[in-house]
Structures are given as structure tokens and as C-alpha cells.
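Below is one structure, written out as C-alpha cells; the observations come after it.
Residue numbers (our numbering), protein chains in the order written: chain P, 6 to 204; chain A, 2 to 228.
In C-alpha cells:
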């Protein structure tokens, strides 16, 4: 940093964040340890592994799958998944007929208890603006070419309902355990911009 | 006094052209690309409490950023600017405080305004979160044709411009929730039924559009009967 920065300049974000934190901490309004806890929670504890466990269980336990599609919120709570941005979860199932994909055009609403914080592409203006207008083209740009006859359903999250995609179980995984299946399920498949493939 | 953004601003991106190609997902994409993003995330969550506001007010505090502040410093950049808006609205910090401290931290000299007397909004939630219970029955039923109203009044809304004026079909009756349009401005919770409404892509974007179905959530006040 040079001393030439003025209050009217664009403040580099690392410096700007440090400034706000310092002001609030020295006034006793914010505890940096609480901030550390929030950061650690979403960097290491709450992430797409949660969603993958839900998917693998749904693939191996038809009764759980039934509950998941009927009442997503209570079904995922059976596995201990609840919390901010997970007040009401609706699970939508991909089939041979329909492919589901989720977006939040207005901000970047995302089912935090199941997937953690959203990845970069989900927050990108190109994704937010275009997947509700030309989803087949957008998915292709992102590396997912769907069969022409596959219908697409887009879910734009605009209330506190959070949509979660149950991807299709890939062929060739019949002998795999729930734990092995969990490792196969990618974050992107649970938003609908990818499909799960067998190893 | 809280600043109020027009109903449709930079954040209302659905269906807007000009943003280029969608990025290829990177499986190694870190949760926070740089340490400041994590600090900004945590400060923003805490700022909602400190300012005595709510999630809808925070979303509106981001929606009223200008284009540069909304876009140029990325997702957590707009979170930090939004949090600063909440903190200055509630007079937890005075305008210019953060900039002055940043200059001082970088080796310069700038006079920091004194801490103001806090002036939090008259906001008292009736319960945690956004979901509420209602005695009255939903006005619309699954399968009913509904039209998204045209929203022209300034202020917060979750009624996207690209859906306004278009006719769809109720696909799910969702639990009642506080209405962001009034909740963001501390006027009332105005809890009401929410509907997931299914639109045909051609109804939204014309006969030349890709063929697909779009579902999105509509608060009861956003809809009128079109059966």
C-alpha cells in the first residue's frame, strides 16, 4: 500500500473489509472469533458433501426417496441438515424425460445446508441472466449437452423456498454402496448443470 | 431514512442480454477465493443483527447499489457494500468512516467521523425466519391460471421483470412467508401464501425462444387470477 490512497479512490476490497472489521471490533460490536466460526463453518463443515449424502441415500432407500420428494425439508433434517437458507427445501427429480436446473436470477439464493455457499458460476451474471431464457444453450456452454428430446425445467428461486435437484443414478453403479455413491455425486449435478457419471 | 431502489435495477438480471457466455464450472473453485471474502461474508451476516434489520433489507441494500458497486468487486464485494448500507442506515457508522479508516490503514491520513447515535428501524419480527402460519386459505389452487402483475412502484420486490404481465399455472402451493416488499422496508411482515408458478418459455420470451418450462415463486400479492 502507498500513502497516496484517498477516500475518494476505489478502496481495494481486502483493505476495505479490514477497515470495517477493525472499526466494529474496536467498538465492541463484533467478535472476530465469531467471524472465524462463520467462515470455518462454510469452508469446512457445510458443503456439497451433505447434498451428496442425501442423493446417495435416495438412490439406495426408496422409502427415503419418497419422503424426500414429498417433504424435502423434513427428509433432509433426518440426516441432520437444516439451518440458514434451508427453511423450506423442495427436491426435484431428474428423469429420462425431464432435466431440472436451478438458478436465482435476483441474487444467488442457494440451499446452504445441503450445498454450502454457491460456487462462482452460480453467481455469474451470465448464468443468472441467461439460464432462464436459453437454458439448453447455457448448459451446453457449461459442458452439459442434453439429448434434444430431454425436456428442461428451470427453477428460479425468488422466495425462501430452496430447490435441490435429485440427479439420476448412472447406469453401471448397481453394485455400489451408499458411501461409494456419495463420492460420485458432484456439487454441480445437484444444481442441474451436470449429470452424475459412473467411475 | 433508508434509500429506496426502483423496482427493477441491476440485480434483476433474469432474461437480460449482454452478459456473455456462461462460465465452465471449476470443481476446485474455493468457497472464498481470497481471505477478505470470508471476512466480508461474516461481517455481512453480523451487520444484519447489528443494524437491527433483516435479510430482505440486506437484499435491498445490495439491489440499490449502482452498477459498479454491484458488479466490479464480485459477490462478496456487493455483500460488503450492502452491509455498509445497513450500518449507515441504522447509524451504527457514519458515512465515510470505512473509507477514512482504509486510508489511515494504508499509511495515509484522513479524519474519521465520530460514531453517530444509533437509529435502528422499528423492526420486531413475530418469529424467526421467513415462514409463518396463516389461518386463511390460499387464494389460488394448483392448476389455476394466474398472471404476474406489472410492478412499477419503487421499493424492494422479488417479482422479476421478465415474468411481469405473463400468464402461468400454479404448480405448488408453498408455505406462507413474510412479504419481502414490505418486510425489507420495515412496514409489515404481511405474511402471505407463496406459489410456485409454471410458465411456458414462449409465453415469457416469444415464439422463437428455446422450448422449456420455467418455475418460479410468486407471493400472493404478485398474482391475479387469469382462469
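Cβ atoms here follow ideal geometry from the backbone N, Cα and C, with glycine treated the same way. A quick note: this is a predicted structure, and the numbers were derived from the prediction, not measured.
Listed as beta-bridge partners of residue 196 of chain A by DSSP are A:174, A:219.
DSSP, reduced to helix, strand and coil, places residue 98 of chain A within a helical segment of the structure shown. By the rule that beta-carbons nearer than 9 Å mark a contact, residue 148 of chain P touches chain A. In the DSSP assignment, residue 55 of chain P falls within the alpha helix (DSSP H) that extends over 53-65. Between the stretch 165-176 of chain A and the stretch 195-209 of chain A there are three or more C-beta pairs closer than 8 Å, enough to call the two in contact. The beta carbon of residue 203 of chain A sits closer than 6 Å to those of 210, all from its chain and outside the five residues before and after it, given in chain order.
Beta-bridge analysis with DSSP links residue 157 of chain P to P:104. The beta carbon of residue 87 of chain A does not come within 9 Å of any beta carbon belonging to chain P, so the residue lies off that interface. Between the stretch 110-128 of chain A and the stretch 59-75 of chain P, the count of Cβ pairs shorter than 8 Å is below three; the stretches do not touch. Spatial neighbours of residue 95 of chain P in its own chain (CB-CB distance under 6 Å, excluding positions within 5 residues in sequence) are listed in chain order as 77, 166, 168. Neighbours of residue 194 of chain A in chain P, taken as residues at a C-beta separation under 9 Å, are lacking, since the least C-beta distance is about 10 Å. At a cut-off of 9 Å between C-beta atoms, residue 150 of chain A does not count as an interface residue with respect to chain P. For residue 52 of chain P, same chain residues with a beta-carbon under 6 Å away, outside a window of 5 residues either side, are 121 in chain order. Beta-carbon to beta-carbon, residue 218 of chain A and residue 18 of chain P are separated by about 32 Å, too far to satisfy the 8 Å threshold. For the C-beta of residue 92 of chain P, the chain A residues within less than 7 Å are, from N- to C-terminus, 130, 131, 132.
Using a CB distance cut-off of 9 Å, residue 121 of chain A does not count as an interface residue toward chain P. Put simply, of A:105, A:132, A:89, A:97 the residue whose alpha carbon is nearest the alpha carbon of residue 89 of chain P is A:132. The CB of residue 124 of chain P comes closer than 7 Å to the CB of 26, 30 in chain A, given here in chain order. Close partners of residue 32 of chain P in chain A (Cβ separation under 8 Å): 116. Rounded to the nearest angstrom, the gap between the Cα atoms of residue 220 of chain A and residue 81 of chain P is 25 Å. In this structure, the alpha-carbon of residue 214 of chain A lies about 11 Å from that of residue 161 of chain P. Contact between the stretch 72-91 of chain A and the stretch 37-45 of chain A is present: 3 or more CB-CB pairs across the two stretches fall below 8 Å.
Linking residue 115 of chain A to residue 95 of chain A through their CA atoms gives a straight-line distance of about 7 Å. For residue 110 of chain P, the neighbours in chain A by C-beta distance under 7 Å run, in chain order, 14, 15, 161. For residue 93 of chain P, the pairing in a beta bridge is given by DSSP as P:166. Taking a cut-off of 8 Å for Cβ pairs, the stretch 21-29 of chain P and the stretch 90-109 of chain A touch, as three or more such pairs fall below it. Proximity of the stretch 158-168 of chain A to the stretch 7-25 of chain A meets the contact definition, three or more beta-carbon pairs being nearer than 8 Å.
Straight-line measurement puts the Cα of residue 189 of chain A at about 20 Å from the Cα of residue 138 of chain A.
By the criterion of a C-beta distance shorter than 6 Å, residue 87 of chain P is surrounded in its chain by 118, once the five residues flanking it on both sides are discounted. DSSP assignment within the stretch 6-66 of chain A yields the following whole alpha helix (DSSP H) runs of 4 residues or more, N-terminal first: 36-51, 56-64.
Sequence-distant Cβ neighbours of residue 30 of chain P in its own chain, meaning closer than 7 Å and more than five residues away, are 37.
The residues 111, in chain order, have a CB closer than 6 Å to that of residue 104 of chain A in the same chain once the five nearest residues on each side in sequence are set aside. According to the DSSP assignment, residue 118 of chain A belongs to no alpha helix (DSSP H), since it is labelled neither H nor E. For residue 171 of chain P, the secondary structure class from DSSP, reduced to helix, strand or coil, is strand. If you draw a 10 Å sphere on the C-beta of residue 70 of chain P, you find 16 or more other C-beta atoms in it, and that means buried. Where residue 188 of chain P is concerned, the enclosing alpha helix (DSSP H) starts and stops at 183-189.
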